[in-house]
Amino acid sequence: MAKIKKLRKIFLNIFIILIISILIFSLSGCYSAQSIDDLTYAIALGIDKGDHNNLAITVQFTFPNASEGGSAGETAPTIINTVECSSINSGISLLNSYTSKEINLSHCKIIVFSEELATLGIGEEIFTLSNQVEIRPDSNIIISKSSAKEYIENSKPELENLVAKYYELTSYSQEYVGFTENITLSDFFNKLNTNYIEPTAILGNGKKLNIPTSNNSNDSNDELNIVAGQIPITEYNRESEYLGLAVFKEDSMVGELTAIETMFHLILTNNFESGIITLSNPLKENSTIDVALYSHKDTSIKTELINSSPFSSIDINLNARLLSVDQNSGDFGTKEIKELESLINSFLQKSILNYLYKTSKEFESDIDGIGKNLLTKFKTMDEWNNYDWSNNYKNTFFDVNVNTNVKSSFLLSS
Amino acid sequence: MDNTKLGNFEAIALILIITINHIILNFSKTIISRTGSGSALNILFVGILLLLFVELLLFLFKHFPKLDILDISEYLGGKTLKIITGILFIGYYIVFASILLRSFSENLKIIYLDKLPITIIIIIFIIAITYANKLGFSVISKVNMLFLPIIAFCMLFVFLANIKNYNLSGIFPLLGNGAQSTFILGLSNLFAFSSISILYFLPPLVKDNSFRKIARISTILSIILFFLGIFAFLCLFSFLRNSEEIMALYLASRYIEFGRFFQRLDAVFLLIWTIGVISYLCIITSLSINIFKKISNITNSKALVYCLAGIIYIISLIPKNISQTNYIEINIFKYIVFILILGYSLFILIFANIRKRLGGGKNKKTS
Chain A
223 MAKIKKLRKI FLNIFIILII SILIFSLSGC YSAQSIDDLT YAIALGIDKG
273 DHNNLAITVQ FTFPNASEGG SAGETAPTII NTVECSSINS GISLLNSYTS
323 KEINLSHCKI IVFSEELATL GIGEEIFTLS NQVEIRPDSN IIISKSSAKE
373 YIENSKPELE NLVAKYYELT SYSQEYVGFT ENITLSDFFN KLNTNYIEPT
423 AILGNGKKLN IPTSNNSNDS NDELNIVAGQ IPITEYNRES EYLGLAVFKE
473 DSMVGELTAI ETMFHLILTN NFESGIITLS NPLKENSTID VALYSHKDTS
523 IKTELINSSP FSSIDINLNA RLLSVDQNSG DFGTKEIKEL ESLINSFLQK
573 SILNYLYKTS KEFESDIDGI GKNLLTKFKT MDEWNNYDWS NNYKNTFFDV
623 NVNTNVKSSF LLSS
Chain B
-18 MDNTKLGNFE AIALILIITI NHIILNFSKT IISRTGSGSA LNILFVGILL
32 LLFVELLLFL FKHFPKLDIL DISEYLGGKT LKIITGILFI GYYIVFASIL
82 LRSFSENLKI IYLDKLPITI IIIIFIIAIT YANKLGFSVI SKVNMLFLPI
132 IAFCMLFVFL ANIKNYNLSG IFPLLGNGAQ STFILGLSNL FAFSSISILY
182 FLPPLVKDNS FRKIARISTI LSIILFFLGI FAFLCLFSFL RNSEEIMALY
232 LASRYIEFGR FFQRLDAVFL LIWTIGVISY LCIITSLSIN IFKKISNITN
282 SKALVYCLAG IIYIISLIPK NISQTNYIEI NIFKYIVFIL ILGYSLFILI
332 FANIRKRLGG GKNKKTS
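Chains as they are written, first to last, in my numbering: chain A, 223 to 636; chain B, -18 to 348.
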């Protein structure tokens, strides 16, 4: 009798578990009957100022089953739709009513704003995007000097089959070039909500600009004083490119950083890994020398208030290796290395000072987080807010000290 | 509740699972919105006060070995006070378990289950609570002990995996909204440690002489967990001070990436935290059944499970939106914790001690 009772209990438990499992799977199936075929994945979102409405939203979709067909080396096709709308959400809704599948933003790699819209302020759009569960915080924020639509249309990868992969990989060039920064939606949103650092975004361009003509300047790094659209590539299939950074004060774009200025920004924010600069060769007239710079120690920034004016003392430590060598390179002894180090230091010191005064006097935007070093000098948030760092940054004085160690060249060492 | 005694780790796990759930369900954000960048300092200050409070509790419980707050209430004010205390605690546990269940279900709905009605999401939790409680407190506490290390590890993993995203400026200025806000108004942040309410019911459930050890260890671990949570959120999110957002811990998990390959790990964490919430709800329900059993002297309490599960389900559906659940969590919950856990129960213990000192009380249990 007891055995039967026990068996009955076991069967009852199995029955309950079975019913619950069936209910869970069947109910979840009913309510979210949405297979992958019912969705269309947006890989890029472009936001322009509209002609007839507030905004013009451009969405780039991957072509359904794009990865299945096509021969090797052929770029997978994408579909680009643009809609004029009052807000991002209404634009997506309008596009949803047009497309046969539901738009899903969970694979959106880049969000492109036009420069025209960025100068007016994009705070509302950034908050809207950050509020979306589907949009990942690691989507890149790009400000296009041309329209966002043009940027997306002209983004035709040459070395990738998938546009999504191209979008994903390109921003990583920060790691080996240092001419732009991998700025994500979460970076931008976080900086937008603080009052000690201002946001930046990747600077892009959907069309080629005129290549600046050489002004016969002695400074070899003039060729790096270019922004997106000015990369002097003479033969190309893709017009869209990105280089430099867009500088914001609060939610409005106030300026742009060139390639080399972006490198200085990365050095100051400890995001620099490696980059190349070109200097006049101290041992040979009318000759240049290429130096690869590497991060050595974190940049130390100390900011004090002197007579209520901010004074920032910056110590930069870098390693360097010679890239260009010739038969005279063997002459590089301790003295010459010291001479080269001091040349690199004085070049970087002067350039970084110019860059810092440009951000403080011209842009009045603390994109390097100089202000966060001042936070410790204030006891409460009220004191800090009353100090109004955003408007005081322009009064900052800088002292930059660069210490570069030239290690060696590469295979042909001196 | 069955008569088997809880092991030390089992008992500590009971308290820690509540603390962890409070971190998962955004109590840290409530603290940060009051004390701003001073929250890290505030939680250390509040933590020290909490330790002193727990020491006081241990001192007061010393004269009532193996008795819980219900027995002590009976000793002090007879059956009436025992029933009042029991009903107050049942009300507190059930109402706030329901609100937290609603809050977590709403978050789940926003994140992954946007097309599933909230009633269905909640009922899945209710089925889990009912089934677990049919198995008894002993099973619940043992399963909780099994899952707690995993849940705690996941939480710590989220904090550690985000280290590269930390910005230490988030904890400055150290005094946040001012000394008064950090040290005086910020005292209200003690509500976050409402898990210590379990201590009032623990003495008869644990083995001899281990109550003091359990109380101290669980309190210290709770303070450490909360401090880590607040420190991580301050360093990660600059916007946490002035915006209404869903679970900060979930937002932090969205930031985790290891290189270009290991990204989007948040779904795994959400699944594990769901188990944590179920565990928490099971413990609270089981505790409430035990209290009811004690004040009503019923012998078979199994049928009570359905009744309490039904009540939790109904209460969790009362708030109209997230804003209402937030209001209850932030404003009402805070004061009830102060009145019931830090005020009423403490007074009962103090007066019971005074009575004992004065030589009163005929209850045999206290001898």
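Just so you know, even glycine gets a beta-carbon here, dropped at the ideal spot from N, CA and C.
Computed from a predicted structure; not experimentally measured.
For residue i, which residues in the same chain have their Cβ closer than 6 Å to its Cβ, ignoring the five residues on either side in sequence?
| i | result |
| --- | --- |
| Val476(A) | Val469, Phe585 and Ser587 |
| Ser522(A) | Asp537 |
| Ala386(A) | Ile265 and Lys331 |
| Gln571(A) | Val622 and Val624 |
Taking its Cβ as the centre, do 16 or more other Cβ atoms sit within 10 Å of residue i, making it buried, or is it exposed?
| i | result |
| --- | --- |
| Gln396(A) | buried |
| Gln282(A) | buried |
| Asn2(B) | buried |
| Leu57(B) | buried |
| Ile582(A) | The identity of residue 582(A) in the sequence shown is Ser, whereas the question assumes Ile. With 16 or more Cβ atoms within 10 Å of its Cβ, Ser582(A) is classed as buried. |
| Ile152(B) | buried |
| His487(A) | buried |
| Gly291(B) | exposed |
| Thr577(A) | It is worth fixing the name first, because residue 577(A) is Tyr in this sequence and not Thr. Buried. |
| Glu637(A) | Residue coverage of chain A in this structure runs from 223 to 636, which leaves residue 637(A) outside it and unanswerable. |
| Ala224(A) | exposed |
| Gly167(B) | buried |
| Thr66(B) | buried |
| Val187(B) | buried |
Excluding sequence positions up to five away, which residues of its chain have a Cβ less than 8 Å from the Cβ of residue i?
| i | result |
| --- | --- |
| Ile293(B) | Ile75, Ala78, Ser79, Leu82, Ile107, Ile110, Leu262 and Thr266 |
| Leu321(B) | Leu69, Phe70, Tyr73 and Ser178 |
| Ile103(B) | Leu82, Arg83, Ser86, Tyr294, Ser297 and Leu298 |
| Lys115(B) | Lys283 and Val286 |
Can you name, in chain order, every residue of its own chain whose Cβ lies under 7 Å from the Cβ of residue i, other than the five neighbours on each side?
| i | result |
| --- | --- |
| Ile317(B) | Tyr73 |
| Glu36(B) | none |
| Leu246(B) | Ser234 and Ile237 |
| Ile405(A) | Asn362, Ile363, Thr422, Ala423 and Ile424 |
| Pro154(B) | Ser18 |
| Ile311(B) | Thr11 |
DSSP state of residue i, grouped into three classes?
| i | result |
| --- | --- |
| Asn311(A) | helix |
| Gly477(A) | strand |
| His329(A) | coil |
| Phe533(A) | strand |
| Lys413(A) | helix |
| Ala278(A) | strand |
| Ala284(B) | coil |
| Val305(A) | strand |
| Ile528(A) | strand |
| Ala423(A) | strand |
| Phe45(B) | coil |
| Phe218(B) | coil |
| Ile405(A) | coil |
| Val76(B) | helix |
| Phe600(A) | coil |
| Tyr93(B) | coil |
| Ser191(B) | coil |
| Ser361(A) | coil |
| Asn576(A) | helix |
| Ser587(A) | coil |
| Asn625(A) | strand |
| Val399(A) | coil |
For residue i, which beta-bridge partners are listed by DSSP?
| i | result |
| --- | --- |
| Tyr516(A) | Ser496(A) and Asn541(A) |
| Ser522(A) | Asp537(A) |
| Glu324(A) | Leu261(A) |
| Ile110(B) | Answer by DSSP bridge pairing: none, since Ile110(B) is not bridged. |
| Thr306(B) | BP columns for Thr306(B) are empty, so no partner. |
| Gln244(B) | Glu238(B) |
| Thr284(A) | Thr300(A) |
| Ser366(A) | Ser336(A) and Gly426(A) |
Exercise. Touching or not, the segment 598 to 608 of chain A and the segment 480 to 498 of chain A, by the rule of three or more beta carbon pairs under 8 Å?
Worked result: Counting Cβ pairs under 8 Å, fewer than three are found: no touch.
For this session: Give a yes or no on contact between the segment 609 to 623 of chain A and the segment 156 to 171 of chain B, applying the rule of three or more CB pairs nearer than 8 Å.
Result: Remark: fewer than three beta-carbon pairs, one from each stretch, lie closer than 8 Å, so the segment 609 to 623 of chain A and the segment 156 to 171 of chain B are not flagged as touching.
Exercise. Taking three-plus beta-carbon pairs below 8 Å as touching, is the segment 122 to 132 of chain B in contact with the segment -12 to 4 of chain B?
Worked result: Yes, they touch.
Exercise. Any chance the segment 444 to 456 of chain A sits against the segment 322 to 329 of chain A, with 3 or more Cβ pairs inside 8 Å?
Worked result: The segment 444 to 456 of chain A, when compared against the segment 322 to 329 of chain A, does not touch it at the 8 Å Cβ threshold.
Exercise. Can we say the segment 203 to 215 of chain B touches the segment 134 to 143 of chain B, given the rule of at least three CB pairs closer than 8 Å?
Worked result: Between the segment 203 to 215 of chain B and the segment 134 to 143 of chain B there are three or more inter-stretch CB-CB distances shorter than 8 Å, so the stretches are counted as touching.
For this session: Tell me, please, whether the segment 304 to 312 of chain A touches the segment 234 to 245 of chain A by the rule of three or more beta-carbon pairs shorter than 8 Å.
Result: No contact exists between the segment 304 to 312 of chain A and the segment 234 to 245 of chain A.
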